[in-house]
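Quick notes on the structure that follows.
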Amino acid sequence: MKFLKVMIMLFIVAVLLFPTLMFIREEMHANKFFHILYTASSIWLAITLYLSVLLILVLILKLFGLIIPHSYALCCAIVAIILISGYINFTTPAIREFKIELSGKSGQGHSLRIVAASDIHLGYGINKARLEKYVSLINSQNPDLILISGDLVDSSVEPLYESKMEEELRQLKAKYGIYMVPGNHEYISGIEKCGEFIRHTPIVMLRDSVITIGGKVNIAGRDDRSNRNRKTVRELLTAADSTLPVIILDHQPADKEVEDAVKQKATLALYGHTHKGQIWPFSLLTRAIYTHNYGYRKIGKTHIYVSSGLGLWGPPLRIGSRSEIAVIDFTLRN
1 MKFLKVMIML
11 FIVAVLLFPT
21 LMFIREEMHA
31 NKFFHILYTA
41 SSIWLAITLY
51 LSVLLILVLI
61 LKLFGLIIPH
71 SYALCCAIVA
81 IILISGYINF
91 TTPAIREFKI
101 ELSGKSGQGH
111 SLRIVAASDI
121 HLGYGINKAR
131 LEKYVSLINS
141 QNPDLILISG
151 DLVDSSVEPL
161 YESKMEEELR
171 QLKAKYGIYM
181 VPGNHEYISG
191 IEKCGEFIRH
201 TPIVMLRDSV
211 ITIGGKVNIA
221 GRDDRSNRNR
231 KTVRELLTAA
241 DSTLPVIILD
251 HQPADKEVED
261 AVKQKATLAL
271 YGHTHKGQIW
281 PFSLLTRAIY
291 THNYGYRKIG
301 KTHIYVSSGL
311 GLWGPPLRIG
321 SRSEIAVIDF
331 TLRN
């Protein structure tokens, strides 16, 4: 009982400390020292949360007369296993593969292999060494086109310049190029500063603009919802070639935005942002907020995919989710 009280007190301290350090790191663009404190507090928050939950379960069982030998040690062991599993889920990204076949007159026989990624969160946490692994993973899929659904940058471009991450991003290879849209973290980091950094890479940032790829498909890149004056889906698609399929690249899968993509009969809509909750119990929160919290579904003529993301935010853990990229073989036939 005493151990439980201590854990709950430490959990409360972590709950108070974590948002404070998060504010310093994200709003004040703090240095690596504050990032280390922030990461440590987020891990401690997870440890104390899971220990408190397990200890409460032990206490409930004890009230019903069920005594578990060495219960404290067992709880600590279970939490250790959870954390190790969460780290593995983060460091071993899954490859989700999909095939989308369309019929139509334009672009007969055309095919595209698309690698879709989101929420890489480059910075002090996702460093150049890990970025190198991500680049290798993406290139190994032999993509024709690479699409990034926002949050390439975490909270500041400073660590990206410090470790020359643009050098690694230049190693990305795709026949028809690499395109991204901004996410909320590009705005946190400073949208203009992010744009300047990205200009040192082969990545093209689309902000409420449409581009036609190889005469095969339209890529409609939306600015993030952080820009309250961004175009609607309908306004954006007026610039698209109506004879070609449309891929909408957006960051936040808010219900209205997804509904608008479906109404405008987009072929494919790609999103990120949710991380699939990243760690339990935050997954319950993202499920409550977003109807399209994670994964693939088709509504009408529109294929929708919400990625859990490749990088992460907060603790280097994924509990109930896994880092991933999506590989989409996109074919237009007679």
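Sequential numbering of the sequence shown, starting at 1, is according to full-length UniProt numbering.
Even for Gly, the Cβ is constructed at its ideal location relative to N, Cα and C.
On a predicted model such as this, the values are computed, not experimentally measured, just so you know.
N-terminal and C-terminal residue of the beta strand (DSSP E) that residue i is part of
i           : result
residue 300 : Unbroken run through residue 300: none, as it is neither H nor E.
residue 271 : 268 to 271
residue 307 : No beta strand (DSSP E) holds residue 307; DSSP gives it neither H nor E.
residue 114 : 111 to 117
According to DSSP, residues forming a beta bridge with residue i
i           : result
residue 99  : 329
residue 279 : 319
residue 221 : 209 and 249
residue 145 : 114
residue 94  : 324
residue 122 : 126 and 153
Segment limits, alpha helix (DSSP H) that includes residue i
i           : result
residue 204 : Run containing residue 204: none in the alpha helix (DSSP H); it sits in the beta strand (DSSP E), 203 to 205.
residue 319 : First-last for residue 319: undefined, no H or E at that position.
residue 81  : 71 to 91
residue 134 : 128 to 139
residue 236 : 233 to 237
residue 263 : 255 to 263
Reduced DSSP secondary structure (H/G/I, E/B, other) of residue i
i           : result
residue 290 : coil
residue 215 : coil
residue 179 : strand
residue 46  : helix
residue 311 : coil
residue 58  : helix
residue 295 : strand
residue 244 : coil
residue 285 : helix
residue 35  : helix
residue 197 : helix
residue 67  : coil
residue 184 : helix
residue 163 : coil
residue 174 : coil
residue 107 : Below a pLDDT of 50, predicted positions are generally treated as unreliable, and residue 107, at 47, falls in that range; no measurement from the model is reported.
residue 189 : helix
residue 226 : coil
Exposure of residue i, with buried meaning 16 or more beta-carbon neighbours within 10 Å
i           : result
residue 317 : buried
residue 212 : exposed
residue 178 : buried
residue 107 : Only weak support exists for where residue 107 lies, its pLDDT of 47 falling under 50; the coordinates are left without a value.
residue 46  : buried
residue 77  : exposed
residue 97  : exposed
residue 302 : buried
residue 35  : buried
residue 276 : buried
residue 403 : Residue 403 is absent from the structure shown; the chain starts at 1 and stops at 334.
residue 309 : buried
residue 120 : buried
residue 248 : buried
Closer than 8 Å to chain C by CB, residue i
i          : result
residue 35 : Among the protein chains of the structure shown there is no chain C, as only one such chain exists.
**Report entry** the segment 59 to 66 in contact with the segment 278 to 286 per 3-pair CB rule at 8 Å
**Finding:** At 8 Å Cβ cutoff, the stretches do not touch.
Report task. Could you tell me whether the segment 268 to 279 touches the segment 145 to 153, using the rule of 3 or more Cβ pairs below 8 Å? Result -> yes
Requested in this report: Check whether the segment 123 to 138 touches the segment 227 to 236, taking contact to mean three or more Cβ pairs, one atom from each stretch, closer than 8 Å.
Outcome: At 8 Å Cβ cutoff, the stretches do not touch.
Query - Segment contact, 8 Å Cβ cut-off, at least three pairs: the segment 92 to 101 with the segment 122 to 131 - result: no
Query raised in the report: Would you call the segment 185 to 200 and the segment 212 to 222 touching, i.e. three or more CB-CB distances under 8 Å?
Result: At 8 Å Cβ cutoff, the stretches do not touch.
Query raised in the report: Do the segment 325 to 333 and the segment 110 to 119 touch if we need at least three Cβ pairs shorter than 8 Å?
Result: yes
Requested in this report: Would you check if there are 3 or more beta carbon pairs closer than 8 Å linking the segment 138 to 147 to the segment 158 to 168?
Outcome: no
Query raised in the report: Below 8 Å, can you find three or more Cβ-Cβ pairs linking the segment 74 to 84 to the segment 180 to 195?
Result: no
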